[in-house]
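Under this note's numbering, think of the first position of the sequence shown as 36, with each following residue one higher. Down below is the structure, laid out as structure tokens.
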Amino acid sequence: MRKIFIGNDHAGPEYVDTIIAYLQEKKYEVEHVGSVGGSSVDYPDFGEACAREVAKSNEHEENSAFGIVICGTGLGIGIAANKVKNIRCAHCVSPYYAEMGRTHNDANMISLGARVIDIENAKSIIDTFLETEFEGGRHQKRVDKLNAIK
Ligand code: RB5
36 MRKIFIGNDH AGPEYVDTII AYLQEKKYEV EHVGSVGGSS VDYPDFGEAC
86 AREVAKSNEH EENSAFGIVI CGTGLGIGIA ANKVKNIRCA HCVSPYYAEM
136 GRTHNDANMI SLGARVIDIE NAKSIIDTFL ETEFEGGRHQ KRVDKLNAIK
């Protein structure tokens with residue numbers, strides 16, 4: 036079963052707990068590298084930390100781990116994650132984004148906004164993200180170009 040790293044800032048700690056429990060119920064191995072409780076923190080710290088764990092896990096076994104990062108909008112923490120080499124973090128507002136993020140972009144992380152995406156939508160986005168395969172083919176060379184950007 037794929038390992039999932041979770042990173043988050045102070046926006047919606049219960050939201051994050053619900054997502055972790057949801058993934059554990061589905062028997063995923065989950066590692067929380069986010070903030071705990073509601074004290075104000077800086078989303079770049081947790082976006083980077085989560086992305087580095089995903090990148091490190093995938094050094095030897097391509098796509099063995101995925102990451103989910105959560106902040107108020109999903110924007111800041113996703114921007115931080117995408118600064119890390121070999122991370123492709125898709126900001127998702129519906130399952131369609133997750134589907135396209137996987138099939139076309141080979142996304143290995145998603146970012147979600149706890150203040151704007153209701154929890155049932157978030158679960159559907161996560162299910163789609165985790166259950167959809169990369170299509171490869173014509174998309175591979177585009178993903179290779181993404182990975183080559185320095
Ligand atoms: C924190 O208030 C908020 O700025 C953060 O969670 C996120 O939405 C940033 O992109």
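Glycine residues also receive a C-beta, built at the ideal position from the N, C-alpha and C atoms.
Among the residues of its own chain, which have a CB less than 7 Å from the CB of residue i, if the five just before and after it don't count?
| i | result |
| --- | --- |
| A84 | G42, V68 |
| I154 | Y50, T53 |
| V65 | I39, I41, I55, L58, Q59 |
| K62 | M36 |
| G72 | P48 |
| A157 | I54, L147 |
Pull the bridge partners of residue i from the DSSP assignment, please.
| i | result |
| --- | --- |
| F40 | E66, G102 |
| C124 | M144 |
Count the other CB atoms, across all protein chains shown, that sit within 10 Å of the CB of residue i; report buried if there are 16 or more and exposed otherwise.
| i | result |
| --- | --- |
| H126 | buried |
| V151 | exposed |
| L181 | exposed |
| I184 | exposed |
| G109 | buried |
| S129 | exposed |
Leaving out five residues on either side along the sequence, give the residues of the same chain with a beta carbon under 8 Å from the beta carbon of residue i.
| i | result |
| --- | --- |
| E168 | R137, T138 |
| F99 | Residue 99 is actually Ser in this sequence, not Phe. Contacts found: R37, K38, S92, N93. |
| H95 | none |
So residue i packs on residue j, CB below 8 Å; how close in whole Å?
| i | j | result |
| --- | --- | --- |
| V188 | F101 | Here the chain comprises residues numbered 36 to 185, so residue 188 is not present and cannot be evaluated. |
| D26 | I112 | Past the edges of the chain, shown from 36 to 185, lies residue 26, and the structure says nothing about it. |
| I160 | A133 | 5 Å |
I'd like to check one pair, residue j with residue i: are the Cβ atoms closer than 8 Å?
| i | j | result |
| --- | --- | --- |
| Y78 | C106 | yes |
| N121 | N93 | yes |
| V104 | S146 | yes |
| A149 | A86 | no |
| V178 | N140 | yes |
Can you list, in chain order, the residues of its chain whose CB lies under 6 Å from that of residue i, leaving out five sequence neighbours each side?
| i | result |
| --- | --- |
| S75 | H45 |
| E166 | none |
| E170 | T138 |
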